[in-house]
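Notes follow the structure.
There are 2 protein chains.
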Amino acid sequence: MPPSRSVQPIRVLTTDDHPMLRQGIASLLQSEADMALAGEAETGAEAIERFRALRPDVTLMDLHLPDMDGTEAIRRIKDEFPAARLIVLTTYSGDAQILRALKAGAAGYLLKSALRKDLLDAIRSVHAGGRKLPPDIAMKIAEHAGDDALSGREIEILRLVATGRTNKQVGDRLSITEETVKTHIKSILSKLGAGDRTEAVTTALKRGIIEL
Amino acid sequence: MPPSRSVQPIRVLTTDDHPMLRQGIASLLQSEADMALAGEAETGAEAIERFRALRPDVTLMDLHLPDMDGTEAIRRIKDEFPAARLIVLTTYSGDAQILRALKAGAAGYLLKSALRKDLLDAIRSVHAGGRKLPPDIAMKIAEHAGDDALSGREIEILRLVATGRTNKQVGDRLSITEETVKTHIKSILSKLGAGDRTEAVTTALKRGIIEL
DNA sequence: TCCCCTATCCCCCATTTGGGGGTCAAAATC
DNA sequence: GATTTTGACCCCCAAATGGGGGATAGGGGA
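The listed protein sequences correspond, in order, to chains A and V. Residues -8 to 203 (the numbering used here) make up the first sequence, in order. Residues -8 to 203 (the numbering used here) make up the second sequence, in order.
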């Protein structure tokens, strides 16, 4: 018999700015004998603070938080506690977001539309040292696996283009010439497979490369 | 003493494709003496079907559903049951979405980041025949109260522009001349206060006039 | 060390875009 | 019935965009 299983439940920290969702997870965990709610956080800063104080076995993390990107919170926690086990639980499914979160150190990525059972499975498997990527999520990253990613500068420029700036205005803002901006835009269009700047912005939004 | 309050709880139907959020609401309702969960729905079609069968006192409705827009589901339910009391519970906060939902017949509009107490308040006040619009939501519609809305044709054209089509291509698709498309675009830019088509698309996305 | 990637700048040129006007008919609203 | 709104069409023209080259410098990795 494994005594550790009944006396040492998996302690879970939830991070989400939706109180009702946290409530749902809390009530889910309550009905599982091998799990327990360690604590809750609403913001990224709070998640880091709670993690330090509680040292949960598994941390659930939304990507949309009031104060910072969930990926940033993951990065900071992993930086301080490399053994931390984190699962992203969010509504976003752009391949760029998923990739960023995994690179930051997430061991799992679930959509909020996932079944309750899937979340419990993910918590157990991540706690056991595994990773958890549902097929649809894995597919998303596979779709753009061959693409070379936009450079930081290109993303910076695309963000300005999204706000309606002309190439000239973008150049002024970044203190580079309009010609350089045009070169970057050409590269952006080619990498994203877009026909014009407007399509570049919408596909970058869909893929989670930039946000609104 | 009001005997009706203890023997006739407010029966609530939840509509959301996030099982864990539904769970949270269910557990919330359980702890309130004057409320009861009447049923749950994951899709718009299911919500309509469940409404017919259960006749809940209050229906909670997400705007993002797998099969249809939540606003469409509201419209159909109100069409069949004009006395239905519905509250939108969603993450979206574009003024156009809010306005559409209210016009479709929603009596309340809450964000998922709302406190649990606010949801309970909203359910009670909407059940009592009132409306419930939090200040931040009311502000959103007030911000663009004076603006004249895009016409149906303009939205149609903006959607095509968002996919990277040129004016000529949009014209071909809609069987109108490029000149006509240009006229509509001018009107779109002026109504949205955008400097170019790209900004028009991003502000329309922010305001919930079009979706990705 | 050498190569590749990134960022920067430059040229030419056809196409697209957006701003300024104006007209007209049908539909909806008053 | 009159007015307003909407959708469609047209003109001119300056500015912005995107596609096609090419060049250079620096940083990072093999």
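We put the beta carbon where it would ideally sit given N, CA and C, even for glycine.
Exercise. Are the region -4 to 14 of chain A and the region 101 to 114 of chain V in contact at 8 Å, needing three or more beta carbon pairs?
Worked result: The region 101 to 114 of chain V and the region -4 to 14 of chain A touch, with three or more beta-carbon pairs separated by less than 8 Å.
Exercise. From I225 (chain A) to M59 (chain A), what distance separates their C-alpha atoms?
Worked result: This structure gives no information on residue 225 (chain A), because the portion of chain A shown stretches from -8 to 203.
For this session: Determine, using beta carbons only, whether T34 (chain V) comes closer than 7 Å to chain A.
Result: no
Exercise. Looking at the unbroken alpha helix (DSSP H) that takes in A29 (chain V), where does it start and where does it end?
Worked result: Unbroken run through A29 (chain V) is the beta strand (DSSP E), 26 to 32; no alpha helix (DSSP H).
Problem set entry | Candidates A:A27, A:K197, A:G35, of which the one nearest H135 (chain A) by Cα | A:K197
For this session: Can you pull the chain V residues whose beta carbon is under 8 Å from the beta carbon of R188 (chain A), in chain order?
Result: Within chain V, the C-beta atoms nearer than 8 Å to that of R188 (chain A) come from T189, in chain order.
For this session: Step through the CB atoms of chain A and report whether any lies within less than 7 Å of the CB of G15 (chain V).
Result: Interface residue (Cβ-Cβ distance to chain A less than 7 Å): G15 (chain V) is classified as such.
Problem set entry | Positions along the region 93 to 124 of chain A whose CB lies within less than 8 Å of some CB in chain V | K103, S104, A105, L106, R107, L110
Problem set entry | Proximal chain V residues relative to A29 (chain A), where beta-carbon distance stays under 8 Å | Under the 8 Å cutoff, chain V gives no residues; its nearest Cβ is about 17 Å from A29 (chain A).
Problem set entry | Member of V:V117, V:L77, V:T82 whose CA lies at the smallest distance from the CA of A38 (chain V) | V:L77
Exercise. For D60 (chain V), does the three-state DSSP call read helix, strand or coil?
Worked result: Note: D60 (chain V) maps to strand in three-state DSSP.
Exercise. Hey, is the region 138 to 157 of chain A in contact with the region 107 to 126 of chain V, meaning 3+ C-beta pairs nearer than 8 Å?
Worked result: Segments in contact, no.
Exercise. Taking buried to mean at least 16 other C-beta atoms within 10 Å of its own C-beta, is T168 (chain A) buried or exposed?
Worked result: exposed
Exercise. Are three or more beta carbon pairs between the region 169 to 186 of chain A and the region 183 to 195 of chain V nearer than 8 Å?
Worked result: no
Exercise. Thinking C-alpha only, which one of V:N158, V:T193, V:S166, V:R164 is nearest K177 (chain V)?
Worked result: V:N158
For this session: Can you give me the Cβ contacts of R115 (chain A) inside the same chain, cut-off strictly under 6 Å, excluding the 5 residues immediately before and after it?
Result: none
Exercise. Can a CB atom of chain V be found closer than 7 Å to the CB of K197 (chain A)?
Worked result: yes
For this session: With a 10 Å radius around its C-beta and 16 neighbouring C-beta atoms as the bar for buried, classify T174 (chain A) as buried or exposed.
Result: exposed
Problem set entry | Alpha-carbon to alpha-carbon, A32 (chain V) and A29 (chain A) | 30 Å
For this session: List the endpoints of the continuous alpha helix (DSSP H) containing G162 (chain V).
Result: 158 to 165
Exercise. Is L203 (chain V) buried or exposed, if buried means 16 or more other CB atoms sit within 10 Å of its CB?
Worked result: Exposed, because fewer than 16 other Cβ atoms sit within 10 Å of the Cβ of L203 (chain V).
Exercise. Is the beta carbon of R188 (chain A) sitting closer than 7 Å to the one on T189 (chain V)?
Worked result: Yes, Cβ-Cβ distance for R188 (chain A) and T189 (chain V) is below 7 Å.
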